[in-house]
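Each residue of the sequence shown is one higher than the last, beginning at 0 in numbering that gives the first Met the number 0. Here is the structure we will look at.
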Amino acid sequence: MQDRDALTTLAWLVEAGADEAVAEAPVNRLMAKPPAPAAPVPAMPRAAAPRTAPLPAPSAGNDAIGDAMRVAAAARNLEELKAAMEAFEGSALKRAATNTVFADGTPGGRVMFIGEAPGRDEDRIGKPFVGRAG
Numbered sequence: 000m001q002d003r004d005a006l007t008t009l010a011w012l013v014e015a016g017a018d019e020a021v022a023e024a025p026v027n028r029l030m031a032k033p034p035a036p037a038a039p040v041p042a043m044p045r046a047a048a049p050r051t052a053p054l055p056a057p058s059a060g061n062d063a064i065g066d067a068m069r070v071a072a073a074a075r076n077l078e079e080l081k082a083a084m085e086a087f088e089g090s091a092l093k094r095a096a097t098n099t100v101f102a103d104g105t106p107g108g109r110v111m112f113i114g115e116a117p118g119r120d121e122d123r124i125g126k127p128f129v130g131r132a133g
C-alpha cells in the first residue's frame, strides 16, 4: 500500500468514527497461520433417555381438530377458508376473541408472513401485525 493510499484509508476510518487502534502493529490476517486445532474433548456417555408413554388418541366425542382439518380442507379459496374459520365453534379462542384475525394483504402474493398468535391490538382491530409489535 502506498503512503497516499494509507493516509486516504486512515482519513476514511476517522471519518467513519474509528478513534482508536486495536493493536500496536498492523496484522495481515491473510498471511497469518491458522491456530493449531484444540485437542478433542472426549465425549461424555449419554444417559439413557427416560421412556415416555405415547399420548392417548383424542376422544371420539370431541374431535375438534379433525373437524377443523376437514372444514379447512373443503375450502376452495381464502374467502371460504376465512368464512369457515369464523363459523367454526370448536375452539375456546372463538369465545374469548373479539375479532377473527385471518389475513391482510394481497391474495396470491409471492411472500407470506406468519406471526405469533394475535395479541390485544390484533384482536381489537381484526388484522395481523398491527399495534406496537406489528
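Positions of the beta carbon are idealized from the N, C-alpha and C atoms, including for glycine. Remember, predicted model here, so these are calculated numbers, not experimental data.
For residue j and residue i, the rounded distance between their alpha carbons
{"i": "Val40", "j": "Ala20", "result": "36 Å"}
{"i": "Ala15", "j": "Leu6", "result": "14 Å"}
{"i": "Gly134", "j": "Asp62", "result": "Residue 134 falls outside the range modelled here, since the chain spans only 0 to 133, and no answer is possible."}
{"i": "Gly125", "j": "Arg94", "result": "15 Å"}
{"i": "Pro36", "j": "Asn27", "result": "20 Å"}
{"i": "Asp43", "j": "Pro33", "result": "Going by the sequence as given, residue 43 is Met instead of Asp. Spanning the two alpha carbons is a distance of roughly 28 Å."}
{"i": "Ala91", "j": "Met68", "result": "16 Å"}
{"i": "Gly65", "j": "Ala38", "result": "54 Å"}
{"i": "Leu10", "j": "Gln1", "result": "Looking at the sequence itself, residue 10 is Ala, so the reference to Leu does not match. Approximately 14 Å, taken between the alpha carbons."}
{"i": "Arg3", "j": "Glu115", "result": "55 Å"}
{"i": "Val13", "j": "Glu23", "result": "17 Å"}
{"i": "Thr8", "j": "Arg45", "result": "54 Å"}
{"i": "Gly89", "j": "Val110", "result": "30 Å"}
{"i": "Glu85", "j": "Asp18", "result": "60 Å"}
Supposed contact pair residue j and residue i - C-beta distance, whole angstroms, cut 8 Å
{"i": "Leu80", "j": "Ala71", "result": "6 Å"}
{"i": "Gly118", "j": "Ala132", "result": "6 Å"}
{"i": "Arg123", "j": "Thr97", "result": "6 Å"}
Exposed unless 16 or more other CB atoms sit within 10 angstroms - verdict on residue i
{"i": "Glu121", "result": "buried"}
{"i": "Pro127", "result": "buried"}
{"i": "Val100", "result": "buried"}
Contact set for residue i: own chain, Cβ-Cβ below 8 Å, skip 5 residues either direction
{"i": "Met30", "result": "none"}
{"i": "Ile113", "result": "none"}
{"i": "Phe87", "result": "Asp66, Ala67, Val70, Lys93"}
Close-in-space but distant-in-sequence residues of the same chain around residue i (CB under 6 Å, 5 per side omitted)
{"i": "Ala83", "result": "Val70, Ala74"}
{"i": "Gly130", "result": "Asp120"}
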